[in-house]
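Here the structure comes first, spelled out in structure tokens, and everything after it is commentary.
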Amino acid sequence: MPNDPVDVLIIGAGASGAAIAWSLLETRMRILCLEQGGHISDQQFPSRRDDYELARYGDFSCDPNVRQLPQDYPINVTDSCIAPVNWNGVGGSTINFLGHWVRLKPSDFRTRTLDDVGDDWPIDYQTLEPFYNANDANTGVSGLAGNPAYPDYTPPHPPIPVGVLGQTLAKGFNKMGWHWWPSDVAILSRDFEGRSKCVNAGTCDLGCAAGAKGGTNFTYWQMLENSGVELLTHARVREITVDENTGMASGVLYHDAQGQVHEQKAEMVVVACNGIGTPRLLLHSKSKNFPDGLANRSGMVGKNLMFHPLRGVAGVFDEPMKGHEGPMACSILSQEFYESDSARGFVRGYGLHSGRSTTPMTHALGGYGIDAPIPWGEQHREIMDNIYPNLAGLTVVSEDLPEEHNRVTLDANLTDSDGIPAPKVTYRLGENTRRMLEHGEAKAEEVLLAAGAKKILSKSDDKVWWRAGWHQMGTCRMGNDPARSVVNGWGRSHDVKNLFIVDGSIFVTAGAVNPTSTIQALALYIGESIKTNIANLFDD
Amino acid sequence: MASGLSPQERKLLDGILDVLIPRNPARGIPGAGELGVADFLIECAAKDESFDVAIRMILERASGGNIEDVRRIETEASDAFARLLEQSYKGYYSRADIRTKFGVGAHPPHPEGYEVAPESPELMESLTAPVRARGRAYRDTPAGDKNAE
Ligand SMILES: Cc1cc2nc3c(=O)[nH]c(=O)nc-3n(C[C@H](O)[C@H](O)[C@H](O)COP(=O)(O)OP(=O)(O)OC[C@H]3O[C@@H](n4cnc5c(N)ncnc54)[C@H](O)[C@@H]3O)c2cc1C
Ligand code: SF4
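Protein chains in written order, with our numbering: chain L, 1 to 540; chain R, 541 to 689.
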């Protein structure tokens, strides 16, 4: 039995699905969001448990292939040097994200013009700026105004502490004469709208039980559900359906928790399943009109997958760095090497982000996102007793370039529990990125020594962090040219006029910053464009 | 390890664990064997047959559980050894009493968290002064979309 048709059907209740629902709320259209996972209350977060660290390697792993919860779909990563990670449920990957909240820079939108690589975006920083600001206000972003690496803006809340670790590193950057700034974070430095300020618990990936971290479970969804947006959980979309006569999306088929298939009709479909889940769904939505997958006449669905490949360098200092105190990912960051400089042997650039040192188990197992346990025996004692407490690290966060061979396809054999083909990720590190990472490691070492590190620890094995596919971008890129892109400059499919995509898959280039502030700003911008064009929304 | 370990096997396993994570008497830090990490491993093995098999394989190969013995097992049964090592680290460091030895609170991180004093505006002002003094640090971008050309 088909359900009553809705005006707007959003697929995915993560970062972008929440933001666009908020933007469209004022239209009074009937909005329904289908989400394959469920709600999770802050009481269920492992950060409230004594053995909280174990959860990181079990039911709260960021890797769905490890978690294997009923709502998770497996991802074939055998042809990739980086494993995509996520959370499936209300809040999406903002449940376990780390809240580092960095905007793209103006130059990121113009890489073809400036550096002859990638492609230019059909929009620019100035277009997104008001949406960055609105989203920062909704999310509760903390930071220090006046960062000279950006056009002027003021985060709504004062910065969180950078701590002894951040101060130490900052002095090193100052000695080198390099840029650094306290990180903007989607984490509250003071109580705000019923949410508590950060208690510096340091386990942001295990769910923020304080409500300080701006996951959409706390920021958008509570308000949206109270305002009448319908959210149906445990509803996994298997296919977006198409009206054969008009070629428009007519709705979806979805599975409930028991695997039963239901039909939901809609006037407009918005896909927000992230850079892996969205191409997977489109590729699986084949029909007479779209034999290669929905909205895929360009052949670009699934291609140009970009991550932010990472390597880390740590310094051992004389004093304890108290790395476990304070939000996990965010203290300070440097963008000294962000913009292109031809003398460096690569184009585009990278950021140096100060990571904190995590908790003892995670360190012993090799660090967050890395599977390489530290040595056993006497060396183990030396590392844990004398090195671990005194560590301060820098992560080299590199800009990945769009390359068509890096892609998401449908696996021929592997499926989720409803029999929907799993995504297969084919990804290899580009030569430009490799050179960038090497440069970054050398620079990180220099600045750590300048900051007073007595010893440098670097894996220097030419590997990137494995379980660090946190940021998934590019697989349904935006563009003005329908032959080379999937959606237009305001997120509407070139091929299907009532189909919109709002998640990280529409990124044209990746920048070298965490993407979620841009993902949500884009979703708000697309929502605004829908409202502006409402009278002739589906016209050519 | 549904069938349990004999006292000899348990002693051997404790010995291996003490080699993997030795004690530091000066700081009152116990080795993994004396801490009882074997109990954690036995629980894991009860839930995961392949881990049970891995432990059995290691115990069959072990003869004394000293460093040389452990090195040999690491080479001869590398996969089983890697699993043992990983689970031993998990068992050891999931103990609240062990966390405190490394300056990390025994309590779950939430709701208590940690007290971290915010930097004063004056401190941030002086730390960021050199960065601000160098001025603007991003590129100008021309308007327009070169792809369209
Ligand atoms: C461990 C970790 C750390 C991170 N740290 C940071 C950080 O510090 N800063 C930052 O900017 N970003 C970070 N990220 C990335 C950030 O979480 C993502 O960029 C962001 O959540 C992506 O938003 P999205 O809307 O595209 O997708 P998601 O937030 O992933 O939401 C997608 C939703 O769609 C649902 N879905 C998928 N397929 C279907 C289907 N077929 N039917 C129904 N529902 C479906 C999923 O269940 C999920 O809830 C991190 C991510 C992880 C996992
Ligand atoms: S450190 Fe702060 S943001 Fe992170 S989980 Fe704890 S309270 Fe939340």
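For glycine and all other residues, C-beta sits at the position ideal for the given N, C-alpha and C.
Is the stretch 328-335 of chain L close to the stretch 350-362 of chain L, with three or more CB pairs under 8 angstroms?
The stretch 328-335 of chain L vs the stretch 350-362 of chain L: in contact.
How about L/Gly-491 and L/Ile-526: are their beta carbons less than 9 angstroms apart?
Yes, the Cβ-Cβ distance between L/Gly-491 and L/Ile-526 is below 9 angstroms.
Less than 8 angstroms between C-beta atoms, sequence neighbours within five positions excluded: which residues of the same chain meet that for L/Ala-145?
Within the same chain, L/Ala-145 has close Cβ partners Asp-152, Tyr-153, Thr-154, Pro-155.
By a C-beta neighbour count over all protein chains shown, 10 Å radius and 16 as the cutoff for buried, is L/Lys-213 buried or exposed?
Buried, by the Cβ-count rule.
Would you kindly report the start and end of the unbroken beta strand (DSSP E) that includes L/Tyr-350?
Looking at the DSSP string, the run of the beta strand (DSSP E) that includes L/Tyr-350 is 350-355.
Tell me where the alpha helix (DSSP H) around L/Asn-432 begins and ends.
Residues 431-450.
Ignore the nearest five residues each way along the sequence and tell me which others in L/Ser-334's own chain have a CB closer than 7 angstroms to its CB.
Phe-173, Trp-178, His-179, Trp-180, Gly-351, Leu-352, listed in sequence order.
For the stretch 41-84 of chain L, list the beta strand (DSSP E) runs that are entirely contained and at least 3 residues long, ordered along the chain.
76-80, all fully within the stretch 41-84 of chain L.
What are the start and end residues of the beta strand (DSSP E) that includes L/Ile-240?
Note, L/Ile-240: beta strand (DSSP E), 236-242.
With a threshold of 9 angstroms between beta-carbons, can L/Asn-536 be considered close to chain R, or not?
Answer no: the Cβ-Cβ gap between L/Asn-536 and chain R never drops below 9 angstroms.
Give a yes or no on whether the C-beta atoms belonging to L/Pro-542 and L/Asp-124 are separated by under 9 angstroms.
Outside the displayed span of chain L (1 to 540) sits residue 542 of chain L, for which this structure offers no information.
Could you name the residues of chain L that R/Val-691 contacts, counting a contact when the two beta carbons are closer than 8 angstroms?
Nothing in the structure corresponds to residue 691 of chain R, since chain R is present only between 541 and 689.
Using the beta-carbon count (16 or more within 10 Å), is L/Asp-184 buried or exposed?
L/Asp-184 should be labelled buried.
Report whether the distance from the Cβ of R/Glu-574 to the nearest heavy atom of ligand 1 is below 8 angstroms.
For ligand 1, not one heavy atom lies less than 8 angstroms from the Cβ of R/Glu-574.
Under the three-state reduction of DSSP, which class applies to L/Gln-260: helix, strand or coil?
Here L/Gln-260 sits in coil by DSSP.
Quick check on L/Val-90: does DSSP put it in helix, strand or coil?
In this structure, L/Val-90 counts as coil in the three-state DSSP scheme.
Determine the closest residue to L/Gly-228 out of L/Val-162, L/Leu-114, L/Arg-30, L/Ala-83, with distance taken between C-alpha atoms.
The shortest Cα separation from L/Gly-228 among L/Val-162, L/Leu-114, L/Arg-30, L/Ala-83 belongs to L/Arg-30.
Are the C-beta atoms of L/Asn-52 and some chain R residue less than 9 angstroms apart?
With the sequence shown as reference, residue 52 of chain L is identified as Tyr, and Asn is not the correct amino acid for it. Yes - at least one Cβ of chain R is within 9 angstroms of the one on L/Tyr-52.
Check the Cβ of L/Lys-105 against every Cβ in chain R and list those closer than 8 angstroms, keeping chain order.
The answer, in chain order, is Tyr-678, Arg-679.
Measuring only the C-alpha atoms, how far is L/Val-425 from L/Val-408?
Each residue's Cα considered, the two are about 5 angstroms apart.
Give me, in chain order, the residues of the same chain whose beta-carbon lies closer than 8 angstroms to that of L/Trp-466; leave out the 5 immediate sequence neighbours on both sides.
Here the set comprises Cys-81, Ile-82, Ala-83, Gly-369, Ile-370, Asp-371.
Would you say L/Ala-210 lies against chain R (beta-carbon separation less than 9 angstroms)?
True, the Cβ-Cβ gap to chain R drops below 9 angstroms.
So L/Gln-335 contacts chain R; which residues on that side make the cut at Cβ distance below 9 angstroms?
What L/Gln-335 touches in chain R: Ala-677, Tyr-678.
When DSSP labels each residue in this structure, what does R/Glu-689 get in the three-state scheme?
At R/Glu-689, the pLDDT of 45 sits below 50, so the modelled position is not reliable and the matter cannot be decided from this model.
Would the stretch 198-205 of chain L and the stretch 44-59 of chain L be scored as touching if the rule is three or more Cβ pairs under 8 angstroms?
With a cut-off of 8 angstroms, the stretch 44-59 of chain L and the stretch 198-205 of chain L count as touching, because enough Cβ pairs lie within range.
Identify, in the order they occur along the chain, each residue of the same chain with its Cβ nearer than 6 angstroms to the Cβ of L/Trp-87, setting aside the five sequence neighbours on each side.
Cβ neighbours of L/Trp-87 beyond the five flanking positions: Ser-93, Ile-95, Asn-96.
Hey, could you find the ends of the beta strand (DSSP E) L/Thr-409 is sitting in?
Residues 407-415.
Comparing the C-beta of L/Ser-285 with each C-beta of chain R, is any distance below 9 angstroms?
Output row for L/Ser-285: interface = no.
Comparing the CB of L/Trp-181 with every heavy atom of ligand 1, is any distance shorter than 8 angstroms?
No, ligand 1 has no heavy atom inside 8 angstroms of this Cβ.
Got a list of residues with beta-carbon closer than 5 angstroms to any non-hydrogen atom of ligand 2, in chain order?
Selection output, chain order preserved: L/Ile-187, L/Cys-198, L/Val-199, L/Ala-201, L/Cys-204, L/Cys-208, L/Ala-210, L/Ala-212, L/Lys-213, L/Pro-327.
Any chance the CB of L/Gly-543 is under 8 angstroms from a heavy atom of ligand 1?
This structure cannot speak to residue 543 of chain L, because chain L is shown only from 1 to 540.
Nearest chain L C-beta to R/Asn-564 closer than 9 angstroms, yes or no?
Yes, because at least one Cβ of chain L sits closer than 9 angstroms to the Cβ of R/Asn-564.
Compute the minimum distance between the beta carbon of L/Tyr-254 and the heavy atoms of ligand 1, and state whether it is under 8 angstroms.
Because some heavy atom of ligand 1 lies under 8 angstroms away, the Cβ of L/Tyr-254 counts as near it: yes.
Can you name, in chain order, every residue of its own chain whose Cβ lies under 7 angstroms from the Cβ of L/Pro-373, other than the five neighbours on each side?
Within the same chain, L/Pro-373 has close Cβ partners Ala-364, Leu-365, Gly-366.
Quick one, which of L/Thr-433, L/Pro-421, L/Ile-420, L/Tyr-388 has its alpha-carbon nearest L/Phe-346's?
Ranking L/Thr-433, L/Pro-421, L/Ile-420, L/Tyr-388 by Cα distance to L/Phe-346 puts L/Thr-433 first.
Any idea which residues DSSP pairs R/Asp-588 with across the strands?
BP columns for R/Asp-588 are empty, so no partner.
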